[in-house]
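Undergrad: Using the working numbering, you'd call the opening residue of the sequence shown number 1 and step up by one each time. Pasting a structure below so you can have a look.
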Amino acid sequence: MTIERILVIGAGTMGRQIAMSCALSGYQTILQDISADALSAARKELESWADSRVSKGKLEQADAQAALERLSESTDLVHSAGTADLVIEAAVERLDIKEQIFATLGEHTPAHAILATNSSTLPSSRVAQASGRPAQVCNMHFFNPALVMKCVEVVRNEQTSDETVSAVTDVATRLGKQPVLVNKEIPGFIANRMMGAINAEALNLAQQGIASIEDIDTTAKTALGHPMGPFELMDMVGLDVIDVIAQATYAETGEDADKPHPLITEKVQAGLLGRKSGEGFYPYS
Ligand code: CAA
C-alpha cells in the first residue's frame with residue numbers, strides 16, 4: 001500500500017513534532033486539533049524550530065519551506081480524515097476520547113487507511129473495535145522530542161495484520177526513525193518499562209536521602225552515559241505524564257513496584273509538572 005497522506009491528531013508536544021517529521025519526509029500532512037490556539041502555537045514553534053535548523057546549517061531553507069508547505073492545520077476531524085492513508089493519533093491519554101476518535105476515523109477515513117495511536121498507556125486493542133477495522137490498528141509510539149529521538153515502537157495487538165505492521169514500519173523508516181516491533185501488548189511496551197525501573201530507583205535514592213537529585217542525575221550522565229539524568233528527563237517528559245504512565249501500569253499489573261511514586265504525586269498535586277509549568281524537580285526560567 002502506498003502511504004502519501006498522513007493525518008496527525010493532537011497538536012501537543014508529541015503531535016506537532018510527529019507531524020513536522022512526516023512533512024519533512026515528504027508526506028502531505030494534516031495536523032488536527034480541536035483547539036485553534038494549540039494549532040497556531042504548534043505552527044509558530046515548528047517555524048521557529050525550522051529557522052533555527054536552517055541558521056545552524058542543518059536544514060536547507062528550501063527543504064524547510066517545502067516541509068512547512070506540506071503541513072496544514074485543521075480543527076475539523078471529519079474533513080481531515082477523508083483523505084488520510086495513515087492516521088497517527090496523539091490526543092490526550094483518555095480512553096473515552098480515543099474511542100470516540102477511532103469511531104469517527106472508522107467512519108470517515110478511506111477503507112484502506114491505517115489507524116495508529118501514539119499512546120504509551122493505552123494499547124491499541126482498547127480502541128481497535130471502535131474503529132470497525134481492528135486489523136488496521138496498532139500503536140506507533142514516538143519519543144520526546146519526536147523530531148530528534150530515533151526509536152518508534154510499533155506495537156501490534158492480537159488482530160493487527162502483518163500488512164499493517166509492515167506499512168507502519170516502512171513509514172517509520174522513511175521518517176528516518178529506527179522502528180522496533182513489540183509483538184505483544186504489555187504495559188509500558190519496551191522503553192517505558194526500562195525508564196520506569198530507572199526512575200523508580202532514582203526516586204527511592206532521593207527519597208531516602210542517599211544522594212541529591214543533582215548528583216543522581218550527574219551519575220546517570222557521567223557513569224552510565226545517559227544523555228540526561230532521570231530527574232531532568234522526568235521534567236522534560238512532564239511529571240503528569242510520568243504519573244499517568246505509572247497509574248496505567250499499576251492498574252494493569254497491580255504490582256507494588258509499579259505504583260505511582262509519592263514524590264511524583266506530590267509534585268503533580270502542587271502543579272509542578274516539569275519544564276512545561278516552569279518547575280518540576282528543577283526550576284526553569
Ligand atoms: N525539540 C526539538 N529538537 C530538540 C529539542 C526539542 N524539545 N531538544 C533538543 N532538540 C535538538 C536540538 O535542537 C539539537 O539539534 P541539532 O543537533 O540539530 O542542533 C539536538 O536536539 C541536541 O540538542 P542539544 O544540543 O540542545 O542538547 P542535547 O545534546 O543534550 O540533546 C536531547 C537534547 C536530544 C533531549 C538529549 O538530551 C536526549 O536524548 N535526552 C533523552 C531524551 C529521552 O530519553 N527521551 C525519551 C523520553 S520517554 C518518552 O518520550 C516516552 C513516553 O511515552 C513518555
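C-beta atoms are modelled at their ideal positions from N, C-alpha and C, and glycine is treated no differently.
#1: With distances taken between CB atoms, is the gap from Thr117 to Ala84 smaller than 9 Å?
#2: Under a Cβ-count criterion, where at least 16 other Cβ atoms within 10 Å of its own Cβ denotes burial, should Leu71 be classed as buried or exposed?
#3: Which residues count as close to ligand 1 when the rule is a CB under 5 Å from any of its heavy atoms, in chain order?
#4: Pick out whichever of Ala211, Ala172, Ala103 has its Cα sitting closest to the Cα of Gln129.
#5: Determine the direct distance from the alpha carbon of Gly106 to that of Glu4, and round the result to whole angstroms.
#6: Just checking, does the stretch 209-217 make contact with the stretch 159-167 on the three C-beta pairs under 8 Å criterion?
#7: Exposed or buried, which one is Ala111 when buried takes at least 16 other CB atoms within 10 Å?
#8: Grab me the residues of Lys150's own chain with a C-beta within less than 7 Å of its C-beta, minus the 5 sequence neighbours each way, in chain order.
#9: Are Glu73 and Gln17 touching if we call contact CB-CB under 9 Å?
#10: Let me make sure I understand the geometry here. Which of Ala223, Ala90, Ile101 has the alpha-carbon closest to that of His79?
#11: Measure from the alpha carbon of Thr75 to the alpha carbon of each residue in Lys98, Ala64, Ile97, Ser40, then state which is nearest.
#12: Given a threshold of 16 other Cβ atoms within 10 Å of its Cβ, counted over all protein chains shown, does Tyr284 qualify as buried or as exposed?
#13: Do the stretch 35-50 and the stretch 86-98 meet, that is, are 3 or more Cβ pairs less than 8 Å apart?
#14: If you check the beta carbons only, do Met228 and Ile114 fall under 9 Å apart?
#15: According to DSSP, is Val168 helix, strand or coil?
#16: Any idea which residues DSSP pairs Asn139 with across the strands?
#17: Among the residues of its own chain, which have a CB less than 7 Å from the CB of Asp235, if the five just before and after it don't count?
#18: What residue range is occupied by the uninterrupted alpha helix (DSSP H) comprising Val237?
TA: Let me lay it out:
#1: Against a cut-off of 9 Å, the Cβ pair of Ala84 and Thr117 comes out as no contact.
#2: Classification for Leu71: buried.
#3: Spelled out in chain order, the answer is Lys58, Ser120, Phe143, Asn144, Pro145, Leu147, Val148, Pro227, Met228, Val237.
#4: Of the listed residues, the one whose Cα sits closest to Gln129 is Ala103.
#5: Spanning the two alpha carbons is a distance of roughly 19 Å.
#6: As far as the Cβ criterion goes, the stretch 209-217 does not touch the stretch 159-167, which means the pair count is below three.
#7: Here Ala111 is exposed: its Cβ has fewer than 16 other Cβ atoms, across all protein chains shown, within 10 Å.
#8: Hits under 7 Å: Lys177, Gln178.
#9: No, the Cβ-Cβ distance between Glu73 and Gln17 is not below 9 Å.
#10: Among Ala223, Ala90, Ile101, the Cα nearest to that of His79 is on Ile101.
#11: Closest option to Thr75, Cα to Cα, is Ser40.
#12: That one is exposed.
#13: Contact between the stretch 35-50 and the stretch 86-98 is absent: fewer than 3 CB-CB pairs across the two stretches fall below 8 Å.
#14: Their beta carbons are not under 9 Å apart, which means Met228 does not touch Ile114 by this criterion.
#15: Three-state DSSP puts Val168 in a helix.
#16: Beta-bridge pairing by DSSP links Asn139 to Thr117, Val155.
#17: Within its own chain, the residues whose Cβ lies closer than 7 Å to the Cβ of Asp235, once the five positions on either side in sequence are excluded, are Gly274, Arg275, Gly280, Phe281, Tyr282, listed in chain order.
#18: In this chain, the alpha helix (DSSP H) harbouring Val237 covers 230-237.
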